[in-house]
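Remarks on the structure that follows.
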Amino acid sequence: MYPLPWPGCAALAWRSTAGGPHANQAGSRRNALSSFNDDGSLVGLSRRDAAPGMSASSEHVLQERGFDVVAALFGTPDAPPGKLPDAALAMLMHGIILDFVARRLPGPGSEVLAQEIRFAMDPAVGDKVVVAGTIAARPSEETASIALSVDCARGRLAEGSVLVRLPAEPVTLRPEARPDIILHSHRHLERLMQSAARAPAVTAAVAWPCDRDSLLGPLQAMREGGLKPILVGPRAEIEKAAAAAGVSLDGAELLEAATPVEAAMAAVRLCKEGRAETLMKGSLHTDELMGAVVSREGGLRTVRRISHVFAMDVPSYPKALFVTDAAINIAPDLMTKVDIVQNAVDMLHALGNPQPKVAILSAVETVNPKIPGTLDAALLCKMADRGQITGALLDGPLAFDNAISRAAAEIKKIVSPVAGDADILVVPDLEAGNMLAKQLSYLAGADSAGIVLGAKVPIILTSRADSVASRLASIALARLLAAAQGKRA
């Protein structure tokens, strides 16, 4: 026995496009179907209201999120919607049908006593499904048999019947806050890595890879065929780290360097001489590596300022989110921000986004002379209008909520193609960016990849606390950027 109602049990599987029951009823019971009150509450049918011949229908568009939920429940969270086990798809269809019983016919207060569902075709993401039900019979004073069908443009998905016990009196279900399910399928970074797998392998100069994580990333990328690492550092320490991690150094080139600074300088020299197409940070400090990169003699400077971008895979955001600059420029002035924006835009072009949406963040969404970041944001947008920044849609100042939430933008009456749909978040300074990126990682469960732009080669700048998976994603970014640079050369 399954007590109902449980509205919303399958709502995560679809987006409603045409709600409300459509009556085809006998006698005078023209308003007896489950209905919504003005306060949003649902009222179901009682034993005295339900009569054979009453019917209702609703339309929904199946969403990828519903398939993700049943995949996670069945222990196959990485399975694409078209590859789910039959039992998982059956569970999804059961949820759709029982949610209809709970919300439409007979509605709140019913209890499922038995069900017989026959599955004719697998559902698919994007299907616009019509769920239709009719009270076929009243086997007893307490019960009703509901004949049900689920159809889409491709044909019938399922049909069958559900036997329910009706409540003695109409039951009203008032709206209330319900727990949300946050799924993290890592799909955004996975797609990036899949794209990188189609790009040529790159040679990377890895500076000071003297611990497990800084060594495992490039070695795993080498085994997968995407990276040719040159490991720069003390051979004895690198071999010791490899032995402790249980991995082989076969296939990797080793270049001796006695100190982290020497390793950084040697790795930069490999890139400058064209022997390596990307530079990767090992277990040395960031300032030791970047000091060699920005050196006026032998460094990797270009006419652009160097800046950093985090590629964030945030569970609650529908696409990859890029945060800049959270690691290099401490308090950038306006012209530095121009390069920060253009570096990030050019990177997204290389990743296949021809016109990324750039949100210039501040604490508020209006220009306030007392908040310097709002002035910079307004100037950057005007510079984009005048062609000083190209290849993107810019808007700012925008508060963080306006940048990533359409609902928040609508409340503030912000009309913008960027607000609520940003690809790139440009922060006012390093402190704000670093806190934002780490909050997304540690509070929102985001995965991240890090890359430094504006130098002669892409620089894989990972944190010493980053996982191997994060390092692999950063390598994938560098691989795509190196491939794009090769095409432009």
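Take 944 as the starting number for the sequence shown in our numbering and just add one per residue.
The beta-carbon is built from N, C-alpha and C at its ideal position, and this holds for glycine as well.
- Give the single residue among M1326, Q1058, E1102, K1183 whose Cα lies nearest to the Cα of C1153. When only C-alpha atoms are compared, the closest one is K1183.
- Near M1208, what residues of its chain come up, given a Cβ to Cβ distance below 6 angstroms and the 5 sequence neighbours on each side ignored? Hits under 6 angstroms: A1235.
- Shortest alpha-carbon distance to S1084 belongs to which of V1107, P1118, Q1331? For the record, residue 1084 in the displayed sequence is Glu; it is not Ser. Of the candidates V1107, P1118, Q1331, the one whose C-alpha sits nearest the C-alpha of E1084 is V1107.
- Task: May I ask you to report which of helix, strand or coil DSSP gives P1315?
- Result: Taken through DSSP and simplified to helix, strand or coil, P1315 comes out as helix.
- Query: Is the CB-CB distance between S1305 and G1295 below 8 angstroms?
  - Reply: Cβ distance not < 8 angstroms, so S1305 and G1295 don't count as in contact.
- Item | Residue environment, V1012, which counts as buried when at least 16 other CB atoms sit within 10 Å | buried
- Integer Cβ distance of V890 from G1052, believed to fall under 8 angstroms: As displayed, the chain neither begins before 944 nor continues past 1432, which places residue 890 out of reach and without an answer.
- Query: Looking only at C-alpha atoms, which of L1135, A1201, V1145 sits nearest to I1402?
  - Reply: Closest option to I1402, judged by alpha-carbon separation, among L1135, A1201, V1145: V1145.
- Can you list, in chain order, the stretches of the beta strand (DSSP E) that have 3 or more residues and sit fully within the segment 1080 to 1105? 1086 to 1095
- Message: Considering Cα atoms alone, identify which of L1368, L988, L1032 is closest to H1251.
- Response: L1368
- Message: Can you list, in chain order, the residues of its chain with a C-beta nearer than 6 angstroms to that of R1117? Leave out the 5 residues immediately preceding and following it.
- Response: S984
- Message: Can you tell me where the beta strand (DSSP E) holding R1155 begins and where it ends?
- Response: DSSP places R1155 outside any beta strand (DSSP E); the residue lies instead in the alpha helix (DSSP H), whose first and last residues are 1155 to 1166.
- Query: Between the C-alpha atoms of A1421 and I1394, what's the straight-line distance to the nearest angstrom?
  - Reply: 7 angstroms
- Item | Whole-angstrom distance between E1119 and A1269, CA atom to CA atom | 39 angstroms
- Proximity of V1301 and V1281 at Cβ, strictly below 8 angstroms: no
- Task: Alpha carbon to alpha carbon, how far is L1404 from T1229? Give it in angstroms, no decimals.
- Result: Each residue's Cα considered, the two are about 8 angstroms apart.
- Query: Span of the alpha helix (DSSP H) holding V1236?
  - Reply: 1229 to 1236
- Message: What would DSSP say about S998, mapped onto helix, strand or coil?
- Response: strand
- Query: Any idea what DSSP makes of S1250, helix, strand or coil?
  - Reply: strand
- Task: Pick out whichever of R1046, L988, M1034, A1030 has its Cα sitting closest to the Cα of A1111.
- Result: L988
- Given that a residue counts as buried once 16 or more other Cβ atoms are within 10 Å of its Cβ, and exposed if not, what is A1274? exposed
- Of all the options G1189, G1397, A1079, which has the alpha carbon lying nearest to the alpha carbon of I1242? Note that residue 1242 is Gly in the sequence shown, not Ile. Comparing Cα-Cα distances from G1242 to each of G1189, G1397, A1079, the minimum goes to G1397.
- Message: To the nearest angstrom, how far is the alpha carbon of Q1163 from that of L1415?
- Response: 8 angstroms
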